[in-house]
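Visitor: Below is a structure I'd like to ask you about.
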Amino acid sequence: RIANGNRSCVKLHHALARFEDVSVEGCTSPDHGGGFFIHHSNVAFERVHIRHCAAALNGGGVFLSGEDSFDSSLVALHSSIAHCSAGSFEESAVYVGGGLA
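Take the sequence shown: its letters are residues 217 to 317, numbered as in the working numbering.
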């Protein structure tokens, strides 16, 4: 269980990562990606549950960004994102900018 982080609970830069059987709860960010901030990375979720996370700008649950759709990716199986919010209201739970989800 990962909980109550105040600068995103998980930050990934130029990474290849896999998360299994993880719960992320109550995480916040003053900018992007309350639960997960994923930049120039390829990530897989299996049974990952993100709850009650928030970001001041985009991607309260997950923020995914990269140069193009081959630079960053997120594959999620049997996972969920619930009760997440962002200040921009455009992409409250999940934000994908230049990546592939």
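Backbone N, C-alpha and C fix where the C-beta goes; we use that ideal spot for every residue, glycine too.
Starting from D287, trace the beta strand (DSSP E) in both directions and tell me its first and last residue.
Guide: No beta strand (DSSP E) holds D287; DSSP gives it neither H nor E.
Visitor: Pick from V226, E241, R217 and N258: whose alpha carbon is nearest that of D287?
Guide: Ranked by Cα distance from D287, the first of V226, E241, R217 and N258 is N258.
Visitor: Just reading off the beta strand (DSSP E) that N258 is part of, what are its end residues?
Guide: N258 to R267
Visitor: By DSSP's criteria, H191 is part of a beta bridge. Which residues make up the other side?
Guide: In the structure as shown, the chain starts at 217 and stops at 317, and residue 191 therefore has no counterpart that could be examined.
Visitor: Using the beta-carbon count (16 or more within 10 Å), is V312 buried or exposed?
Guide: buried
Visitor: So, under 8 Å CB-CB, R267 and H299 are touching, yes? Tell me the CB distance rounded to an integer number of Å.
Guide: The Cβ separation is near 6 Å, so the contact holds.
Visitor: Return the chain-ordered list of same chain residues with a C-beta closer than 6 Å to the C-beta of H255, the five sequence neighbours on each side being excluded.
Guide: H229 and S281
Visitor: Just curious, the beta strand (DSSP E) that A298 is in, first and last residue?
Guide: S296 to A298
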